[in-house]
Amino acid sequence: MNRTTIASLIIPTLVLTGCGGSSSDPSENPSPNPQPPSNAAPVAQAGSDARINVGDSVTLNGESSSDADGDALTYHWKLEMLPEGSSLASPMGEGAQIEFTPDVAGEYVAVLIVNDGTVDSEGDSITITVDAPAPVAVITSEFDVELGDKLTFDASQSQHVSEDNIYSWRLVSAPGESALTSATFDVESDSPTLAAPEFDVVGTYEFELVITSTDIQSEPASFSVKVSEANIAPVISELVSDDELTSGKIVYLYSTVEDNSDEINYAWSFTSTPESSELAATTSDKATFEFVPDLAGDYTAQLVASDNELSSEPKTITISVAEFAPLGLNVVTSEYLFGKVNEPIIVDFSDSISPNGEELTYNWTVASGPSGSRPSITRSILEKSWTEFTGDKAGNYRIRATVSDSTGTSESYLIRITLSDDKLNPFAVTAHKSAVSLSTGFTLNATPSFDKEGEPMRLIWWPNDRLNNEKVNSQAYAAYGDERPVVSVNPTVPGYYHYSVVASGKESQGVAESVKGSQIHVYDYITPIIANAGNDFDVVSGTTVTFDGSKSLRLENENVTYEWSVISRPYNSTSVLEEASSLAPKLLIDANGRYVVQLLASDSYGIQSVDHVTIYASGNAKPVANAGEDTTSSSRSVELDGSASSDSETSSLSYTWQVISTTSDFADLPTLNDPTLAKPTLLFNDDFTGTVVVGLTVNDGSRDSDRDEVVVTIE
């Protein structure tokens, strides 16, 4: 509150008078009857007029009032006039100073009378003009609405307003597509509330309010209205399942929900399951519903989607699940093999499955070949699980392979081999995990691809569309046409992802020559059973080896058991697996030759997974090549480092480096300054950008290592 002090100032004047030269001293002419002196009336001084606003106060100051006799004064203030509507009363107060607070606008007349103890002064008045303050516009409505909503602007909390105020509402700006303009919405009203215009498009509308009181205007109050799409109930347009439906295998149900909300809630449940299934009460709040069918039969799942305000109509999907086929005796090898005339081809049966963990017997015969051909096929009592096939004529051969166990059960498989006199196609080979978590993504890896004649190749990835599964297909296409040997993919939906890598050589000029397909299972909150027996390795006979199954999946499940078995070994080996039901069993390699060890993982529902590891034992262990870490550089020369290669029996190794594949034109291939060095330099021309794969093989004087690869990227 403002306060104003009003005061007056009186300057007394002394007047001297004389009469000739005579004396005026009464003592010289004393009166015989002296009169008492007369009392002069005091003079009130109320101060100057004042002008203030309603709500402010003013101090009325009568201290300049006077009395000629010097008598002490008393002060009396009263209101002589006040505006209509004022509730103030008179008298106003006593004292030289009083504080006055008017209650309404208008003119107030205050009168001051002073008294010297005997007589009152004449009244002295001042006029106090009180102005109404300018209105203050205040908007109190909520202005975050949807298309079609009705909105009322509310300025009823504005300050310093009265019934005769005028409220002026004006549209300042609107989204460009709106038909609303400042010309179509410029409204004056005597009410503090007003129906807002009908908003016709999504966006932000800016408004302004000015309140006028008599001839005083408020400052403009600016406000905005944010208009969003009207909320509609979610609509489930589609439910689909993956096309791999077998009891014991994770099933994924995918939803497509149409909604204009940023957040959708999912509620999955079963409306029917096969009789005796334990899944009837299973629910999920994920966009993708995943479950493991425990019985064969029909499962009907229902989804309801909501956006926290509205819910969709329920939508159902019924899937038919086939009976889970337990693992049986099975011949596992490549169905198609390619080679050159008179050059051996390895046919490997090491991944054949022995469901009971028994040792397997392998037999093979040449079923057919080109007319006049005399092919050969080896048989070894030290390496029972593989054979070398050599054909003497170009054309197509067929080998019938049979595996059997001690019970007399057997299984046969037909292998097709094509031999040529011409240059062979390059071979596309993949080396990535078969199952990964959705949270980690996965890496496609074709660096082990090779060309038997040492020619460089180019690689390209193609996703394979899955039936009725656009959710997975669209995610898989992140790698579509990628020519890098190693490609990272980060899907956002779980499922079974299928890819092919195509390898083409220089002579094909980009025509596909070799295709390798693979599946990556991307799981989310249900972990599949995946047995992982580790990588194949070489040892010196007489060594006790420890196997490692710790990279198997669903290790934490108490219902999963693990069983290791030796299913193929040299004829003269008699050693026994120790701790065969653990993840780290031991085996004495007691003879030279090839051992195949099988890891079988099973759960209480009979779901199984199998993996194999091959150990080759000899008097001279195979050396291990190490081509170093993948690298990225902008230099035209990159030093490779194979010095970490090793051999358990010697430190004397020879090195052979080779450019395996490139993303560039073959004409731009880099060269090695010396491919026999442990640390050669890879040289690039000035125009090269892209990726090359360089392979390293080391030799200990009698055996070559497996090839190791390094990926070099030039930016």
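Quick note on numbering: UniProt numbering labels position 563 of the sequence shown as 563, and the sequence is numbered without any gaps.
Yeah, the Cβ is synthetic: ideal placement off N, Cα and C, and Gly gets one too.
Note that this is a predicted model, so its numbers are computed, not measured.
Using CA coordinates, which residue listed in the options is at the minimum distance from residue i?
i	options	result
residue 621	361, 703, 679	703
residue 626	706, 234, 450	706
residue 423	352, 341, 405, 91	341
residue 236	642, 177, 316	316
residue 105	133, 140, 713, 127	133
residue 290	432, 270, 343	270
residue 389	397, 383, 377	377
residue 221	207, 214, 232	207
residue 693	226, 302, 425, 457	457
residue 650	624, 657, 671	624
residue 415	366, 231, 445	366
residue 94	545, 321, 115	115
Look at the alpha carbon of residue i and the alpha carbon of residue j, and state the distance between them as a whole number of angstroms.
i	j	result
residue 461	residue 476	10 Å
residue 407	residue 459	46 Å
residue 488	residue 496	16 Å
residue 586	residue 547	6 Å
residue 465	residue 695	32 Å
residue 71	residue 97	18 Å
residue 562	residue 455	43 Å
residue 44	residue 102	23 Å
residue 603	residue 481	39 Å
residue 84	residue 216	20 Å
residue 710	residue 439	27 Å
residue 165	residue 196	19 Å
residue 224	residue 168	16 Å
residue 351	residue 403	11 Å
residue 510	residue 525	Only weak support exists for where residue 510 lies, its pLDDT of 47 falling under 50; the value from the coordinates is given anyway. Their backbone Cα atoms lie some 41 Å apart in a straight line.
residue 191	residue 138	14 Å
residue 635	residue 239	52 Å
residue 700	residue 383	22 Å
residue 584	residue 550	8 Å
residue 302	residue 284	10 Å
residue 41	residue 53	36 Å
residue 12	residue 69	Residue placement at residue 12 cannot be trusted, given a pLDDT of 38 that sits under 50; what the coordinates show is reported in the next sentence. Each residue's Cα considered, the two are about 12 Å apart.
residue 296	residue 571	43 Å
residue 708	residue 573	31 Å
Along the beta strand (DSSP E) that carries residue i, what are the first and last residues, could you check?
i	result
residue 331	Per DSSP, residue 331 belongs to no beta strand (DSSP E) and is neither H nor E.
residue 367	361-368
residue 124	124-131
residue 81	74-81
residue 562	561-568
residue 153	152-154
residue 160	First-last for residue 160: undefined, no H or E at that position.
residue 658	654-662
residue 537	537-540
residue 498	495-505
residue 445	442-445
Report yes if the CB atom of residue i is closer than 9 Å to the CB atom of residue j, and no otherwise.
i	j	result
residue 347	residue 387	yes
residue 713	residue 633	yes
residue 673	residue 611	no
residue 329	residue 385	no
residue 645	residue 698	yes
residue 442	residue 338	no
residue 748	residue 615	Nothing can be reported for residue 748: it is not among the residues displayed for the chain, which extend from 1 to 715.
residue 294	residue 318	no
residue 613	residue 597	yes
residue 76	residue 126	no
residue 678	residue 647	no
residue 310	residue 435	no
residue 266	residue 281	no
residue 171	residue 205	yes
residue 306	residue 264	yes
residue 157	residue 140	yes
residue 601	residue 560	yes
So, under 8 Å CB-CB, residue i and residue j are touching, yes? Tell me the CB distance rounded to an integer number of Å.
i	j	result
residue 417	residue 399	7 Å
residue 201	residue 178	5 Å
residue 661	residue 449	6 Å
residue 230	residue 128	No, residue 230 and residue 128 are not in contact; Cβ-Cβ is about 57 Å, not under 8 Å.
residue 676	residue 637	At roughly 18 Å, the Cβ-Cβ gap does not stay under 8 Å, so residue 676 and residue 637 are not in contact.
residue 57	residue 99	5 Å
residue 82	residue 88	6 Å
Where does the unbroken alpha helix (DSSP H) through residue i begin, and where does it stop?
i	result
residue 473	470-476
Examine chain C for any beta-carbon lying closer than 9 Å to the beta-carbon of residue i, and answer yes or no.
i	result
residue 199	Here chain C cannot be found, since the structure has a single protein chain.
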